[in-house]
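J.: Count along the sequence shown starting at 1, add 1327, and that's the number in my numbering.
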Amino acid sequence: MSRVPLVDPNAASDSKPLLDQITSAFGATPAMFRAVANSPAALQMMWAGFGALGTGKIGAKLGEQIAVLVADRNACEYCLAAHTMLGKKAGVSAEEMSEAQAGRSPDPRTAAALQFAEILVTDRAQVRDADIEALRTVGFDDEEIVELIAHVALNLFTNYINVALAVPVDFPSVRLLKAA
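#1: Between which two residues does the alpha helix (DSSP H) carrying Phe1467 extend?
#2: Ordered along the chain, which non-local residues of its own chain (more than five positions away) have a Cβ less than 7 Å from that of Asp1497?
#3: With the cut-off set at 7 Å, would you say Leu1483 and Arg1330 are in Cβ contact?
#4: If contacts are defined as beta-carbon pairs under 8 Å, then Ala1440 and Leu1504 qualify, I think. What distance do you get, rounded to the angstrom?
#5: Alpha helix (DSSP H) containing Lys1415: first to last residue?
#6: Among the residues of its own chain, which have a CB less than 8 Å from the CB of Arg1400, if the five just before and after it don't count?
#7: Measuring alpha carbon to alpha carbon, tell me which residue in Pro1336, Ile1385, Glu1460 and Pro1499 is nearest Ala1362.
#8: Using the three-state DSSP reduction, which class does Ala1507 fall into: helix, strand or coil?
#9: Return no unless some Cβ of chain D is closer than 7 Å to the Cβ of Leu1396.
#10: Buried or exposed for Ala1398, going by 16 or more other Cβ atoms inside 10 Å?
#11: Can you give me the Cβ contacts of Asn1486 inside the same chain, cut-off strictly under 7 Å, excluding the 5 residues immediately before and after it?
#12: Measure the beta-carbon distance from Leu1481 to Ile1472 and round it to whole angstroms, keeping in mind my assumption that it falls under 8 Å.
#13: Given that a residue counts as buried once 16 or more other Cβ atoms are within 10 Å of its Cβ, and exposed if not, what is Glu1470?
#14: Can you give me the start and stop residues for the alpha helix (DSSP H) that Ser1425 sits inside?
#15: For the segment 1362-1373 against the segment 1338-1352, do three or more pairs of beta-carbon atoms, one drawn from each stretch, fall closer than 8 Å, so that the two count as touching?
#16: When the Cα of Gly1381 is compared with those of Gln1371, Glu1474, Glu1423 and Leu1370, which residue comes out closest?
As structure tokens, this is what we get:
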């Protein structure tokens, strides 16, 4: 049971316009958004972040692969389930999503991004010069490096919302690989 009420999109006041957009995008209103809607400012920040990063340079496929890795490291069952489904919709195979969750990819560029994301999460952003250089070696430019950090940060926020508030998972369940 959620630790905050899940806002009814039809009864929402300040959050209604954004919840209507979210419902239109998903075909329903996921529980996470209904929980965040308790704060119209937080909902606006989160939705704007998804929108901005959705048009970013690194693309939806890599963004979803990063999301499952971050969710797994934070033991966020909600985000793991949601982003596994969204990754498949973005064209990432089930095997690629499973590998990303484990922090692996046969593609050197994806593997480097996942390794960097894992360092950001597990070492709390205490990266070394060599970590940035590893990204540049496989072709990431400064814009993409900043976007990778932004993806991790947005996913940390959603993980924290879902875990801290015990938001019920309303996507097909995916098994966590690692405990937080």
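Note that CB positions come from ideal geometry on N, CA and C, so glycine has one too.
T.: Quick look at the numbers:
#1: Here residue 1467 corresponds to residue number 140 of the sequence shown, with the count starting at 1. That residue, Phe1467, is in no alpha helix (DSSP H); it is neither H nor E in DSSP.
#2: Taking the first residue of the sequence shown as 1, we reach residue 1497 at position 170. Cβ neighbours of Asp1497 beyond the five flanking positions: Pro1357 and Ala1358.
#3: Translated into positions along the sequence shown, residue 1483 becomes position 156. Translated into positions along the sequence shown, residue 1330 becomes position 3. For Leu1483 and Arg1330, no; Cβs fall outside 7 Å.
#4: Numbered from 1 along the sequence shown, position 113 holds the residue referred to as residue 1440. Numbered from 1 along the sequence shown, position 177 holds the residue referred to as residue 1504. With a Cβ gap of about 18 Å, Ala1440 and Leu1504 do not count as contacting.
#5: Here residue 1415 refers to the residue found at position 88 when the sequence shown is read from its first residue. Counting along the chain, the alpha helix (DSSP H) containing Lys1415 begins and ends at Glu1404 to Lys1416.
#6: Numbered from its first residue, the sequence shown carries residue 1400 at position 73. Hits under 8 Å: Glu1445, Val1448, Thr1449, Lys1505 and Ala1507.
#7: For this step, residue 1362 is matched to residue 35 along the sequence shown. Minimum Cα distance to Ala1362 is reached at Pro1336.
#8: For the purposes of this step, residue 1507 is taken as residue 180 along the sequence shown, with counting starting at 1. Low local confidence applies: a pLDDT of 46 at Ala1507 is under 50, so the model's placement there is unreliable, with the coordinate-based value given in what follows. Three-state result, Ala1507: coil.
#9: Judged by its chain identifiers, the structure shown contains no chain D, having just a single protein chain.
#10: Here residue 1398 is taken as the residue at index 71 of the sequence shown, counted from 1. Burial call: buried.
#11: For the purposes of this step, residue 1486 is identified with residue 159 of the sequence shown, where counting begins at 1. Result list for Asn1486: Val1397, Ala1398, Asn1401, Cys1403 and Cys1406, in chain order.
#12: Taking the first residue of the sequence shown as position 1, residue 1481 is located at position 154. Taking the first residue of the sequence shown as position 1, residue 1472 is located at position 145. Going by Cβ atoms, the distance from Leu1481 to Ile1472 rounds to 15 Å, so no, they are not a contact pair.
#13: Here residue 1470 corresponds to residue number 143 of the sequence shown, with the count starting at 1. It is exposed - the Cβ of Glu1470 has fewer than 16 other Cβ atoms within 10 Å.
#14: Residue mapping note: residue 1425 aligns to position 98 of the sequence shown, counting from 1. Note, Ser1425: alpha helix (DSSP H), Ala1421 to Gln1428.
#15: A contact is defined here as three or more CB-CB pairs under 8 Å, and the segment 1362-1373 meets this definition with respect to the segment 1338-1352.
#16: For the purposes of this step, residue 1381 is identified with residue 54 of the sequence shown, where counting begins at 1. Among Gln1371, Glu1474, Glu1423 and Leu1370, the Cα nearest to that of Gly1381 is on Glu1474.
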